[in-house]
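And the structure:
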């Protein structure tokens, strides 16, 4: 592998530089604010996801405080590891320098990875665990060394502590291994030891879920009704075709494990890939969930292409050009390497009623600083006399996360919110004199308080629609039992 490190190093350098510029632009995404917020409440689980992202958030805070560049370094490092593993798989499959190059370029050219490896979300780490698991599967098939089964189990366990979609990966692998040497592995203790290790690592989160009435099921139910049911199954398949050149490489790789004489011993990989694809399709998963499966077929496809072009090796460079050149113009739309004004001009976004509609991810990076600044001004006005008790009540996890993370530099107290994991952390002081409400509509605050004063509605040129025009209220004199009001909302925390 050492002789291929210069190739991998050059590719990794370009990926790192792109993310270096993209990672420090705009602001925190609402999901990033949530993931940093839960890192202040480390536990074996949360209402929306397992605990791994919180642990990484805590490490990020200890190293870099709440630095945007520091936080986003971690998904970028995951992306670089995926690039390395993709190249390593190509080498393990018998590829030489051209295969290693093409495999790495596929990771560079696959546009969704720029978004995934920018944002501090479980997605990047999910892709890393899937890729690492496939790497160990290839090593096991190649060597029959059982230590790689154990490493697969450890990877699966850690992956489950990051994102529950790892269950689908495990299901695909289990089916795929039925076709390896006539399922002989199912007669071996090593497969069950591997599964047992995965379960042992995952067990703390299972126990946490059980002790909290399995909030994952409520979250899944709401996610299904609000998002997944609206997904056309046809769109899931079509979404895989949007990145046509890398898709062609993946098809070449998938076919190779079934028909190439030297590669078909890895058919378990191809079967797992197909099982995962159709399982996600049937479950109406979001298309990007499946993107974690691509690096392994990129690697196989790269090896097959190198073999096909063995008589004309220079043509491999043409393949590289065809992969990477069409992707370059779209990179600014996936990671914010351009200043916002330049991006608006680059994409020819037009102002409508004083607002510019950005893509959802970019729009979700704007407006939080302004919200926090306004809340701080009210807090300074009403709550710093040493007598008045105040609570900051945010409607959703984005607003609450902004107060919690961005409000740190103002010295603001932690907010409360009934949304998601914030509900777990309670209502703080039910006898507070002043409640500063942000994002809650008139009907909500009027149902809880006798005195309600609208201070302002917050608008932002680039912020996402649901965060434009949000109201900020000063509220006094609760007319409900706050403790009961909080408890009654348990089944609505994802509304």
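Numbering (the working numbering), first residue to last: 1476 to 1970.
For glycine and all other residues, C-beta sits at the position ideal for the given N, C-alpha and C.
Suppose contacts are defined by Cβ-Cβ distances below 9 Å. Is residue 1765 in contact with residue 1808 by that definition? Counting from one through the chain shown, the residue named residue 1765 turns up at place 290. Counting from one through the chain shown, the residue named residue 1808 turns up at place 333. The answer is no: Cβ separation not under 9 Å.
Per DSSP, what are the beta-bridge partners of residue 1623 in this structure? Looking up residue 1623 in the chain shown gives position 148. Note: residue 1623 sits in no beta bridge, so no partner.
Counting pairs of Cβ atoms below 8 Å between the stretch 1522 to 1538 and the stretch 1569 to 1587, do you hit three or more? no
From the DSSP output, which residues share a beta bridge with residue 1869? Within the chain shown, numbered from 1, the residue matching residue 1869 stands at position 394. DSSP, once it has assigned bridges, lists 1913 as partnering residue 1869.
Strand pairing of residue 1949, partner residues [DSSP]: Sequence index remark: in the chain shown, residue 1949 carries index 474 (1-based). 1911, 1928.
Take every Cβ of the stretch 1541 to 1557, pair it with every Cβ of the stretch 1726 to 1735, and state whether three or more of those distances are shorter than 8 Å. No contact exists between the stretch 1541 to 1557 and the stretch 1726 to 1735.
Roughly how many angstroms separate the alpha carbons of residue 1773 and residue 1611, rounded to a whole number? Counting from one through the chain shown, the residue named residue 1773 turns up at place 298. Counting from one through the chain shown, the residue named residue 1611 turns up at place 136. Each residue's Cα considered, the two are about 16 Å apart.
Taking the beta carbon of residue 1656 as the centre, do at least 16 other beta carbons fall within 10 Å, making it buried, or is it exposed? Against the chain shown, residue 1656 aligns to sequence position 181. Label assigned to residue 1656: exposed.
According to DSSP, is residue 1830 part of a helix, a strand, or is it coil? For this step, residue 1830 is matched to residue 355 along the chain shown. Residue 1830 falls in the strand class under three-state DSSP.
Taking DSSP as the reference, what is the three-state secondary structure of residue 1577? Within the chain shown, the letter at position 102 stands for residue 1577. Correct three-state label for residue 1577: helix.
Contact check, residue 1846 vs residue 1878, beta carbons under 9 Å: Taking the chain shown and counting its residues from 1, one reaches residue 1846 at position 371. Taking the chain shown and counting its residues from 1, one reaches residue 1878 at position 403. Cβ distance < 9 Å, so residue 1846 and residue 1878 count as in contact.
From which residue to which residue does the alpha helix (DSSP H) around residue 1561 run? To locate residue 1561, count along the chain shown from 1; it is residue 86. Note, residue 1561: alpha helix (DSSP H), 1543 to 1567.
Might you give, ordered along the chain, the residues of its own chain that have their beta carbon closer than 7 Å to the beta carbon of residue 1695, omitting 5 neighbours on each side? Sequence index remark: in the chain shown, residue 1695 carries index 220 (1-based). Counting only Cβ-Cβ distances below 7 Å, and skipping sequence neighbours, we find nothing.
Residue 1925 to residue 1950 span [Cα, whole Å]: Position 450 of the chain shown holds residue 1925. Position 475 of the chain shown holds residue 1950. Rounded to whole angstroms, residue 1925 to residue 1950 spans 8 Å at the Cα level.
Grouping DSSP H, G and I as helix and E and B as strand, with all else coil, what is residue 1492? For the purposes of this step, residue 1492 is identified with residue 17 of the chain shown, where counting begins at 1. DSSP places residue 1492 in helix when its eight states are reduced to three.
Closer than 8 Å to a non-hydrogen atom of the ligand SAH - does that hold for the CB of residue 1680? Inclusion of the ligand SAH in the displayed structure is not the case, the ligand content being empty and no account of it being possible.
Applying the 10 Å Cβ sphere with the 16-neighbour rule, what's the burial state of residue 1490? For the purposes of this step, residue 1490 is taken as the residue at position 15 of the chain shown. The residue is buried, with at least 16 neighbouring Cβ atoms inside 10 Å.
What's the call for residue 1851, buried or exposed, on a 16-neighbour Cβ count within 10 Å? Along the chain shown, read from residue 1 onward, the residue named residue 1851 stands at position 376. The residue is buried, with at least 16 neighbouring Cβ atoms inside 10 Å.
So which of 1567, 1776, 1702 has the shortest CA-CA distance to residue 1729? Working through the chain shown from its first residue, we reach residue 1729 at position 254. Ranking the options by Cα distance to residue 1729, first place goes to 1776.
By DSSP's criteria, residue 1689 is part of a beta bridge. Which residues make up the other side? As a working note, residue 1689 is residue 214 in the chain shown. Residue 1689 pairs with nothing; no bridge assigned.
Reference residue 1937, options 1842, 1658, 1554, closest by Cα: For the purposes of this step, residue 1937 is taken as residue 462 along the chain shown, with counting starting at 1. Out of 1842, 1658, 1554, 1842 has the C-alpha closest to the C-alpha of residue 1937.
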